[in-house]
Every structure is written in structure tokens, then in C-alpha cells.
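Participant: The structure follows.
Residue numbers (UniProt numbering): 1 to 393.
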């Protein structure tokens, strides 16, 4: 009886062990083929020709060296490739490739001679000789040509040509253009900036565009609303200040000018002309800055600083500069029409190397309070004058 009991126990143990072994083997065989293995180091010549062999796409390496190119599941510390790194998972630490980095997410520093392509997020620094393309950035993107972030950039983008993102909490700096489909803090570009909303400043060599903006500085500025200042030759602010002025001054010149921006700071561009019975024509171009303050619902107090280049007989080589400071009142008449009048402090610095130019300038000046030689080729004439004009708002 005892012997039979012992035999039964042994048989049960053997069966249990066999069953356990079979289950373990089954679990191993059914393990997902994309499961990740971790190794401290790998070196490869080209993808799957290296120490990890054909298992390379499923192995994450702490350190990785790819002579030409390599593929892995992830990087834990650093990876180098002569041409390309292809990472199916995440990169932590430093990744460098002579041409291309492709990864899911990157945390740390990712650098490529040509392009970085990141399907997910970049946290840290991403630099490329040509382009960076990712979903979102927490840190800095820098590229020789273009940066593209399909989502948000919590940091800055720096590019030789252009930057594109949804929202940017820092600065977009580029040689040509910046585009933010949402909000941006600061945009500086050689030609064009565009955003839905800019909390800080937009600066460009040609055009700035935003629905709402703090300050815009460019040749053409376009916005629905501006809380700071709009400084340029043409400022189109939907809720801002727009005036066309036709008037005359103490020099008996007909003046046509355009004011644009906002009341507290706007730009002024204009042209002036004076013709007499002879063939002589004196004309000038004007640029300036102005500010207007409400004295009453129908009255504004204007302050302006203006610069004009005066030309006689189309002699552009003659250097004649007119500097003016203006203080005046703008009184609303009816509809969109107002009357403006005020006093000017004038300083005309003109060239004396040509007798004809000297004669024209002396005829132009109504009288002088200051008249003195500046140097061997320039003379200064100063006086107090006035200006009156009609304005169309």
C-alpha cells in the first residue's frame, strides 16, 4: 500500500513538471515578436549587419555605433552613425548622424547633418543642417533651412529660411519666414511673419500679419488689433487709426499724407510739391511718427516728428533734409472729416555746393530764426511755422 502511494506521488510530480515545462515553452513560443530586448552596446555596419544581427529592430541599446547606418528599437544613452540612425522607439541622451536621424521620440540632444525626422515629441535640442520635422518640441529646434513642428513648441525655433509650428511659447527666428497657426510670443524674420496671436513683438523686413499683436515692426503691418505699437510704412490695423490728410504749410507746399497704426503711436508717410510759373518744381517725400491724445470726444491733440527729403529740379544728388516737430489740434467737423492745424519747429539742412540749389532753398524758407554754416558744403536754416489740413478718417 505504501509502495503504491509512493509511486502515485512520483507519477504526479513527473506529470506536473512536464506540464509546467510545456506551458513555459508555449509562453516562449507565443511571445510577441516586437517585444524589446535591452543590451548595453552594439556596433553595426549597415542595418541588421552587426552584433545584434536580424534582431536589431527589437533591441534597445544603451550605446550604439553604426559605421554607415543602423536600426534599433531604442537608445538609452548615445548613438552615432556615419549616415543614418533609424530608431523605432525612443531615444534618450545623444544621437548624431551624418545625414539622417529617424525616431519616435527624442529626449536629450539630436543632431543630423541633413535632417531629423521625429514622429513624436522632442524634449531638449534638435539640430540639423537642412531640416527638422517633428510633432512637438519642448526646448529648441535649430536648422539651416527649415523647422517644422506639427504641434506646439514650448521653447524656440531657429532657422536659416523658415519655421512652422502651431503654438510657440518662445521665439521664432528665421532668415525668411515664420508661421504659427496659433499663438506665438516673438517672431523675427527677414521677410514675413504670420500668426493668429502674438503676445510680444513681430519684426520683419517686409510683412507682419496677426489677428492680435503686441507690437509690429516692418514695412507692412497687418492686424485686427494691436495693443502696443505698429511701426512701418503701411500699417493696417482693423481697429486702429487711418487718416488721409491734404494740407499746406508755411513753405506753401501742397502736402498729401497717410497716417496708419494706432492713436498712441502711428506712422506718417507723405509727399509734398511746390510749383511756380517757371519750370522749377520742388518736391519732397516724408516719413514720421505721431501720437494723438483725446482732449474731448471731438478733439485730438497731435504730436509728430517728421523727416523730409527735398528735391529741386529732379536733382537727386543734392542733399536737402528737412526735420520738423509738430504740435496741433485735430477737430472733428462732420462725418469722417476733420480739420487739423498746428505749429511746427523746422530745421532745413541744405547743400551749398550748387548755386541753383542754394537759391531754391532760400526761396523755399519763409524766414529764418537760425541761419548758420554747418560745414563747407551744408547750411542750416531754422524757423517756427505752421500747418493746416483737412483729414479724412
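Don't be surprised by glycine CBs; every beta carbon is placed ideally from N, CA and C.
Assign residue 182 to one of two classes, buried (16 or more other C-beta atoms within 10 Å of its C-beta) or exposed (fewer than that).
Facilitator: exposed
Participant: Near residue 304, what residues of its chain come up, given a Cβ to Cβ distance below 6 Å and the 5 sequence neighbours on each side ignored?
Facilitator: 288, 290, 326
Participant: Taking the alpha helix (DSSP H) that residue 391 belongs to, which residues open and close that run?
Facilitator: Premise fails: residue 391 lies in the beta strand (DSSP E), 378-392, not in any alpha helix (DSSP H).
Participant: Taking 8 Å as the cut-off, decide whether the C-beta atoms of residue 362 and residue 346 are in contact.
Facilitator: no
Participant: Are the CB atoms of residue 221 and residue 236 within a distance shorter than 8 Å?
Facilitator: Annotated as proximal: residue 236 and residue 221, with beta-carbon spacing under 8 Å.
Participant: Distance check for residue 258 and residue 85, CA to CA, integer angstroms please.
Facilitator: 57 Å
Participant: Going by beta carbon distance, what residues of the same chain come within less than 6 Å of residue 91, once the five residues before and after it are set aside?
Facilitator: 75, 103, 106
Participant: Leaving aside the five residues before and after residue 147 along the sequence, list all residues of the same chain whose C-beta is less than 6 Å from its C-beta, in chain order.
Facilitator: 132, 141, 157, 159, 163
Participant: Would residue 240 and residue 227 qualify as a contact pair, given that the criterion is a beta-carbon distance under 8 Å?
Facilitator: No, the Cβ-Cβ distance between residue 240 and residue 227 is not below 8 Å.
Participant: Measuring CB atoms only, is the segment 263-275 touching the segment 245-254, in the sense that at least three cross pairs come out at less than 8 Å?
Facilitator: yes
Participant: Do residue 386 and residue 370 have their C-beta atoms closer together than 8 Å?
Facilitator: no
Participant: Compute the distance between the beta-carbons of residue 41 and residue 62, then report whether it is under 8 Å.
Facilitator: yes
Participant: Helix, strand or coil, according to DSSP, for residue 229 in the structure here?
Facilitator: coil
Participant: Starting from residue 363, trace the alpha helix (DSSP H) both ways and give me its first and last residue.
Facilitator: 355-364
Participant: With DSSP run on the structure shown, which of helix, strand or coil describes residue 317?
Facilitator: coil
Participant: CB residue 170 to CB residue 155, shorter than 8 Å?
Facilitator: yes
Participant: DSSP beta-bridge partners for residue 351?
Facilitator: Looking at the DSSP output, residue 351 shares a beta bridge with 378.
Participant: Which same chain residues, not among the five before or five after residue 89, have their C-beta less than 6 Å away from its C-beta?
Facilitator: 73, 74, 104
Participant: Which residues share a DSSP beta bridge with residue 145?
Facilitator: Under DSSP, residue 145 takes part in no beta bridge, so it has no partner.
Participant: Let me check you understand the geometry: is the CB of residue 117 closer than 7 Å to at least one non-hydrogen atom of the ligand GDP?
Facilitator: Among the components modelled here there is no ligand, and therefore nothing to report on the ligand GDP.
Participant: Assuming residue 127 and residue 108 make a contact with CB atoms under 8 Å, what is their CB distance in whole Å?
Facilitator: 12 Å between Cβ atoms; not a contact.
Participant: I'd like the list of long-range same chain contacts for residue 165, defined as Cβ closer than 6 Å, with 5 residues on each side in sequence excluded.
Facilitator: 149, 153, 180
Participant: Between residue 87 and the rest of its own chain, which residues show a CB-CB distance below 8 Å, the 5 nearest in sequence each way excluded?
Facilitator: 71, 72, 73, 74, 75, 79, 95, 101, 102, 103, 104
Participant: Tell me which residues share the same chain as residue 99 and place their Cβ nearer than 6 Å to its Cβ, disregarding the 5 neighbours each side in the sequence.
Facilitator: 83, 84, 113, 114
Participant: Out of 66, 64, 47, 65, which has the shortest C-alpha to C-alpha gap to residue 57?
Facilitator: 47
Participant: Is DSSP giving residue 55 helix, strand or coil here?
Facilitator: DSSP, reduced to helix, strand and coil, places residue 55 within a helical segment of the structure shown.
Participant: Once you ignore the five residues that flank residue 188 on each side, which residues in its own chain have a CB closer than 6 Å to its CB?
Facilitator: 173, 203
Participant: Going by DSSP, which residues form a beta bridge with residue 41?
Facilitator: 63
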